[in-house]
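Inspection log for the structure reproduced underneath, given as structure tokens.
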Amino acid sequence: MKCFSSIADVGQPIDLAIVMVPAKAVLGALEQCAAAGVKNALIISSGFAEEGGDSAAMQDAIAELAKRTGMRISGPNAEGFFSEAQRVTATFSPTVDVKPNEPRLIATRRRIGIVAQSGGIGFAIYHRARALGIALSYVISAGNESDLGAGEFFEYMVQDASTDVILLFIEGIRDVEKFLAAARRAAEVGKPVIVTKVGRSGAGERAAASHTASMAGWSAAYDAVFAKYGFIVSNDLDEAVTIAAVLTTNPMPKGDRVAVLTVSGGAGIWGADTVAMQGLQVPELSETIQAEISKLLPSYGATRNPIDVTAQGVHSGGLQKSIDLLDVSDEVDAMLVVLSLSSDTGCRSSRPS
Amino acid sequence: MSHPLDSFFAPESIALIGASRDQDKYRAGLLSMLRKNEFPGKIIRSIPIMAISMA
């Protein structure tokens, strides 16, 4: 591979320049890129607005350069992005490493797109989703957002045909108009959005300012926007990824009636409570369908909803047949199946031998 | 359908600015990750003169 001493010498169109030079040299490198007609730049280097003082002034100069030249700029202080759909690795995150002895297992063709200001969190979400077999369109860390912000990246994911479900990790939104337009559009086209908003406490807000120079803002205002556009708010990383797993493997339910099926009476009660506390219905099933289900279960099973097929119901096929009956009935819109909770790992993945 | 950020998110050519062999593992790692993940476009490496003189 040829290595050029200046971008001006390359003599061919460049779509994306990934800038990794020390902070003080970034502006000069960007000027060269813009002069050479580079369309976009991604600045991995740190040491700008998150440091304050002169370093913040350098970031202002970067923002000014983007406006003046039209070259779009992401970062600085960004961990970049990764796309499984486009096979673009514009990041140094170790989570995108390819290990020949660990094949990528994909459970579904529907893809998630992740927009985070923090690269550490964005790529952590990707890493966990990957372990569950969820496919990825893009994961992008917006960093300090001198020009391109989380709102604009979110907007890209909303219109992107390879992104089916969007996960957002937000410290504070700078490009508010773009964010709101994207939120409205996502609601219109029915693309699900899962959001985690941090910087809700005084200490968290202070940390956001020094991390990606974000203004965390007023939590109530963010929550009002999330509610208005039907975002799914999750403040737990595992929960957010699990929701993404459900949304990429199942169609959206048409209503709020849920059947809880289990092999354990205790798990059934717990599941019913959890569903009800989310504001969903766990309706008592009709006598007709209860009579059908009771034929599949031992006398000590339960059929009203929750449906306790008991341990025997697993081996006799009662669980699967109950699911089939409910599937063709018009009594519920979704089913929660709670199997054993005693596994030590919660989720086991197997590798092809 | 095209979008102004397609050239950012689905670039046909990428330039690595400041990606020399003797630099830290992050920068060297990025080039190898691009290759390992089978980037289908062109990769160009560049060491801007400005960067070297100011570093």
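Line by line, the protein sequences are chains A and B. Note that numbering that gives the first Met the number 0 has the first sequence beginning at 0, numbered continuously upward. Note that numbering that gives the first Met the number 0 has the second sequence beginning at 0, numbered continuously upward. Beta carbons are placed, not taken as given, at the ideal position from N, Cα and C, and that holds for glycine.
Neighbour-count burial assignment, residue i, 16 or more Cβ in a 10 Å radius
i: A:Asp384; result: Past the boundaries of the shown model lies residue 384 of chain A; chain A is included only from 0 to 352, so the question cannot be answered.
i: A:Gly201; result: exposed
i: A:Asn39; result: buried
i: A:Cys32; result: buried
i: A:Asp163; result: buried
i: A:Arg347; result: Confidence at A:Arg347 is low in this model, with a pLDDT of 48, below 50, so the placement of that residue is unreliable and no value is reported for it.
i: A:Ser161; result: buried
i: B:Met49; result: Legend: pLDDT at B:Met49 = 38, less than 50; position of this residue unreliable, value from coordinates given subsequently. When all chains shown are included, B:Met49 counts as buried.
i: A:Gln11; result: exposed
i: A:Thr90; result: buried
i: A:Asp53; result: exposed
i: A:Tyr155; result: buried
i: A:Val337; result: buried
i: A:Arg303; result: exposed
i: A:Ser349; result: With a pLDDT of only 45 at A:Ser349, under 50, the local geometry of the prediction cannot be trusted, and the value read off the model is given with reservation. So A:Ser349 ends up on the exposed side.
i: A:Gln85; result: buried
i: A:Leu104; result: exposed
i: B:Met32; result: buried
i: A:Gln58; result: buried
i: A:Gly51; result: exposed
i: A:Lys196; result: buried
i: A:Pro173; result: At residue 173 of chain A the sequence reads Arg, which differs from the Pro that was named. Classification of A:Arg173: buried, given that the 10 Å Cβ count is 16 or more.
i: A:Glu238; result: exposed
i: A:Glu101; result: exposed
i: A:His314; result: exposed
i: A:Val327; result: exposed
is_contact[residue i, chain B] using C-beta, thresh 8 Å
i: A:Ser315; result: no
i: A:Leu15; result: yes
i: A:Pro12; result: yes
i: A:Ile6; result: yes
i: A:Lys177; result: no
i: A:Met19; result: yes
i: A:Ala275; result: no
i: A:Asn143; result: no
i: A:Arg173; result: no
i: A:Arg205; result: no
i: A:Lys190; result: no
i: A:Val9; result: yes
i: A:Pro351; result: Confidence is the limiting factor: at A:Pro351 the pLDDT is only 45, short of 50, which leaves the residue's position unreliable and the question unanswerable from this model.
i: A:Asn419; result: Here chain A comprises residues numbered 0 to 352, so residue 419 of chain A is not present and cannot be evaluated.
i: A:Val245; result: no
i: A:Ser339; result: no
i: A:Arg71; result: yes
i: A:Phe47; result: no
i: A:Lys38; result: yes
i: A:Tyr137; result: yes
i: A:Ala130; result: no
i: A:Ala28; result: yes
i: A:Phe168; result: no
i: A:Cys2; result: yes
i: A:Gln116; result: no
Span of the alpha helix (DSSP H), counted from its first residue to its last, around residue i
i: A:Gly74; result: Note, A:Gly74: premise wrong, no alpha helix (DSSP H); not H, not E.
i: A:Tyr228; result: First-last for A:Tyr228: undefined, no H or E at that position.
i: A:Ala55; result: 52-68
i: A:Ile124; result: 118-130
i: A:Thr248; result: 236-248
Neighbour flag for residue i against chain A, beta carbons, 8 Å
i: B:Ser12; result: yes
i: B:Ser1; result: no
i: B:Lys35; result: yes
Unbroken beta strand (DSSP E) run spanning residue i, endpoints
i: A:Val157; result: Here A:Val157 belongs to no beta strand (DSSP E); instead the alpha helix (DSSP H) covers 149-158.
i: B:Phe7; result: B:Phe7 -> not in any beta strand (DSSP E); alpha helix (DSSP H) instead, spanning 5-8.
i: A:Ile105; result: Neither: A:Ile105 is in no beta strand (DSSP E) and is coded neither H nor E.
i: B:Phe38; result: Looking at the DSSP string, B:Phe38 is not in any beta strand (DSSP E), and its letter there is neither H nor E.
i: A:Ser82; result: 79-82
i: B:Ile13; result: 12-16
i: A:Ala258; result: 257-261
i: A:Ala89; result: 87-89
i: A:Ala134; result: 134-140
i: A:Ile165; result: 164-169
Item to check | Continuous beta strand (DSSP E) assignments of at least 3 residues falling wholly in the segment 272-340 of chain A | outcome: 333-337
Next on the checklist: Would you call the segment 169-181 of chain A in contact with the segment 60-79 of chain A, where contact means no fewer than 3 C-beta pairs closer than 8 Å?
Outcome noted: no
Checklist entry - Does the segment 104-115 of chain A touch the segment 241-252 of chain A, meaning 3 or more C-beta pairs lie closer than 8 Å? => result yes
Checklist entry - So does the segment 58-69 of chain A actually touch the segment 87-100 of chain A, counting three or more Cβ pairs closer than 8 Å? => result no
Item to check | Complete runs of the beta strand (DSSP E) confined to the segment 180-210 of chain A [at least 3 residues] | outcome: 192-196
Next on the checklist: Three Cβ pairs or more, each shorter than 8 Å: is that satisfied between the segment 220-236 of chain A and the segment 256-274 of chain A?
Outcome noted: no
Item to check | Validate contact between the segment 139-150 of chain A and the segment 187-203 of chain A using beta carbons, cut 8 Å, 3 pairs | outcome: no
Checklist entry - Hey, which unbroken runs of the alpha helix (DSSP H) at 4 residues or more fall wholly within the segment 10-49 of chain A? => result 22-34
Next on the checklist: So, does the segment 316-324 of chain A touch the segment 269-286 of chain A, judging by three or more C-beta pairs under 8 Å?
Outcome noted: no
Checklist entry - Just by C-beta distance, which residues in the segment 75-104 of chain A are closer than 9 Å to chain D? => result The chain labelled as chain D is not found among the protein chains of the depicted structure, namely A and B.
Checklist entry - Taking three-plus beta-carbon pairs below 8 Å as touching, is the segment 123-141 of chain A in contact with the segment 17-26 of chain A? => result no
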